[in-house]
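Taken in sequence, the protein lines are chains A and B. Taking this note's numbering, the leading residue of the first sequence gets 6, the next gets one more, and so forth. Taking this note's numbering, the leading residue of the second sequence gets -9, the next gets one more, and so forth. Here's the structure, in structure tokens; my notes come after.
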Amino acid sequence: MQRTWWFSRGNVTTTHHAEPQHIYLRTMNLEEFVQGFAEQFDDTDPEEIQAGTQFHELEEWSSLIGMAVIAFVKTSMGKKLEGGELKACVTVEDVYNLVKGK
Amino acid sequence: MAPNPFTLEGKTILVTGASSGIGRSTAVACSQMRATVVVNGRNEARLDATLALMAPGSHVKAAGDLTGDVAAIVAPLPKLDGVVHCAGIGHSKLCKQIEAEDIDLVMGVNFKAPVLLQAELLKQRKVNKGASIVFVASIGYDYPNVANGIYCASKGALVSYANCLKLELAPRLIRVNVISPGMVWTDLIVHGGMTEETLREDEQNNYLFHQYNQPEDIAHLAVYLLSDATRRMTGSNILFSAGAKRL
């Protein structure tokens, strides 16, 4: 899958000697957030993950993916998401709304 | 006849540092076990020399410096069933002589580069489920040597890192193992600061079989770790000491 997002990890790390590029941080819309969320999964088809997806029910969901999501929120939006908060969310949109409100 | 559990047929294996030493031998051994091999190294001509030694196959040359733009090196690679991180450098300096540049150089090549390559391979989804990742460290990670402080530390860092990586890749049945060789006759030791005479003396006096390892000895262990024979083996660090007496 070609990932050309401005927040794509590939773009940010091409020059890995550089400091974190905060220029990439910005508010995402829901669609962008859902795609970034889906990119944290290795085997789940991105199409399977929508705003209303109850992500805890996905077969691949695990605490490891949860950590990837937390790191994604941190590096792409500069927001700190706690594990407990993520656990309390039901859908991907819940996570988006929570992060947006921070 | 029963199927050969050690075959690499149908597997695509990336070998770094394939232009010499353990990397070159590993690339050759993998090709002989019928893998498709992606060879990485900085020097194209020396990679060609490696390819010339390999058994025929649709092998891929991925020349490039892993301390540079690793994302660009990874992008064109095929999906991988195995990675052998062989690229590394030796270093010999007394602790009181160590400068910042020494640390940057040795940690950069021996630790930072494989860690960032591994990250990039995972980010770009180049590693298949059930793949095998092998790191070549050194017995030096736990067995001290005079004037080898940074080198040994760089290998220790790699061992600790691999230990964590195995946890993160286990859900996808990807295994992570380390080979920690004793002395191996490669450029790394021959040009590592000691004279060949000193090395021959060490080989005679301090190794039970009076022989250092040859690169192919390590390569064959790498093949074993890449093969389905070890599909349930992860988190191991195998000492390949050639019976070094002063461990």
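Backbone N, C-alpha and C define an ideal beta-carbon position, used for all residues, glycine too.
- Judged by their CB atoms, Ser226(B) and Val168(B) are nearer to each other than the 9 Å cut-off.
- When the five nearest sequence neighbours on each side are left out, the beta carbons in the same chain lying within less than 8 Å of the beta carbon of Met223(B) are those of Arg165, Asn167, Leu215, in order along the chain.
- Looking from the CA of Gln87(B), the closest CA among Ala137(B), Lys235(B), Ser122(B), Ala53(B) belongs to Ala137(B).
- The CB of Leu69(A) comes closer than 7 Å to the CB of Glu158, Pro161 in chain B, given here in chain order.
- For the stretch 41 to 63 of chain A, the set of positions with a beta-carbon nearer than 8 Å to some beta-carbon of chain B reads Asp47, Asp48 in chain order.
- Residue contact with chain B for Glu65(A): present (Cβ-Cβ distance below 9 Å to some residue of chain B).
- The alpha-carbon separation between Phe60(A) and Ile54(A) amounts to approximately 8 Å.
- Put simply, the CB of Lys119(B) is near chain A, with a gap under 9 Å to one of its CB atoms.
- By a beta-carbon distance limit of 8 Å, Ile129(B) contacts Ser170(B). Their separation comes to about 5 Å.
- At a cut-off of 9 Å between C-beta atoms, Arg165(B) does not count as an interface residue with respect to chain A.
- Interface annotation for the stretch 114 to 142 of chain B against chain A: Gln114, Arg115, Lys119, criterion Cβ-Cβ distance under 8 Å.
- Leaving aside the five residues that flank Glu158(B) on each side, none in its chain has a CB nearer than 8 Å to its CB.
- Comparing alpha-carbon positions, the option among Glu62(A), Val100(A), Gly57(A) lying closest to Lys79(A) turns out to be Val100(A).
- For His210(B), no beta strand (DSSP E) run applies; the uninterrupted alpha helix (DSSP H) run containing it begins and ends at 205 to 216, by DSSP.
- Taking 9 Å as the cut-off, the Cβ atoms of Thr40(B) and Lys1(B) do not count as close.
- Within the DSSP bridge table, the entry for Ala53(B) names Gly31(B) as partners.
- In this structure, Met173(B) lies away from Ser144(B), with their beta-carbon atoms at least 9 Å apart.
- Rounded to whole angstroms, the Cβ separation of Cys76(B) and Gly7(B) is 4 Å, and the two are in contact under 8 Å.
- When the alpha-carbon of Asp218(B) is set against those of Leu(-2)(B), Gly80(B), Met(-9)(B), the nearest one is in Leu(-2)(B).
- Residue environment for Met(-9)(B): exposed (fewer than 16 other C-beta atoms within 10 angstroms of its C-beta).
- If you look at Val174(B), you'll find it isn't in any beta strand (DSSP E); DSSP assigns it neither H nor E.
- Each residue's CA atom was taken as its position, placing Phe38(A) and Met82(A) some 10 Å apart.
- Restricting attention to Asp192(B), Glu193(B), Pro161(B), the CA atom closest to the CA of Leu69(A) is found in Pro161(B).
- Around the beta-carbon of Glu110(B), 16 or more other beta-carbon atoms lie within 10 Å, marking it buried.
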